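Enquirer: The sequence shown begins at 20 in the numbering used here and counts up one residue at a time.
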Amino acid sequence: MSFIHLEQLPFVGMSSEFVGETQGAPFSAYIVSARPGQGPPLHQHPYVEVAFTIEGSATITVGDEERDVKAGGIVVIPADMPHRFVNTGDTTLR
Numbered sequence: 020m021s022f023i024h025l026e027q028l029p030f031v032g033m034s035s036e037f038v039g040e041t042q043g044a045p046f047s048a049y050i051v052s053a054r055p056g057q058g059p060p061l062h063q064h065p066y067v068e069v070a071f072t073i074e075g076s077a078t079i080t081v082g083d084e085e086r087d088v089k090a091g092g093i094v095v096i097p098a099d100m101p102h103r104f105v106n107t108g109d110t111t112l113r
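(1) What residue from P45, P59, I50 has the CA that sits closest to G105's CA?
(2) Going straight from the alpha carbon of I96 to that of P45, what length do you get?
(3) Going by DSSP, name the residue or residues bridged to T80.
(4) For N74 and M100, what's the separation of their Cα atoms in angstroms?
(5) Name, in chain order, the residues that DSSP records as bridge partners for E74.
(6) If we call anything under 7 Å between Cβ atoms a contact, is H102 one with V81?
(7) Have a look at the DSSP bridge pairing and note the partners of H64.
(8) Leaving out five residues before and five after G91 in sequence, what residues of the same chain have Cβ atoms less than 8 Å from its Cβ?
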């Protein structure tokens with residue numbers, strides 16, 4: 020079992036990331052703050068990722084499917100599935 024405080028997560032560009040794989044868990048969790056137009060390139064992980072949209076709006080691509088999400092939206096991304104998002108709103112995406 021691991022206990023980690025948010026302040027211990029590394030900050031890389033626009034997000035803080037907890038990669039569960041390094042803690043013996045097959046998933047990852049991110050705290051993302053992205054400015055309008057910002058988002059990562061297409062990428063994939065060997066673990067499931069769950070994206071909770073807390074505020075703002077984005078377009079998320081998972082495999083060949085593209086969807087618009089807004090606050091309250093949840094996206095489950097299967098392991099090894101290429102995915103990306105871009106903040107399509109005019110406010111910060113979290």
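C-beta: ideal position from N, C-alpha, C; glycine also. Fair warning: this is a prediction, and the values are worked out from it, not measured in the lab.
Expert: So, from the data block:
(1) At residue 105 the sequence reads Val, which differs from the Gly that was named. Looking at the Cα atoms, P59 is the closest of the given residues.
(2) 13 Å
(3) E85, R103
(4) Residue identity check: residue 74 is Glu in the sequence provided, not Asn. Distance between the alpha carbons of E74 and M100: 24 Å.
(5) In DSSP, E74 forms no bridge with anything.
(6) yes
(7) H64 is not bridged to any residue.
(8) T72
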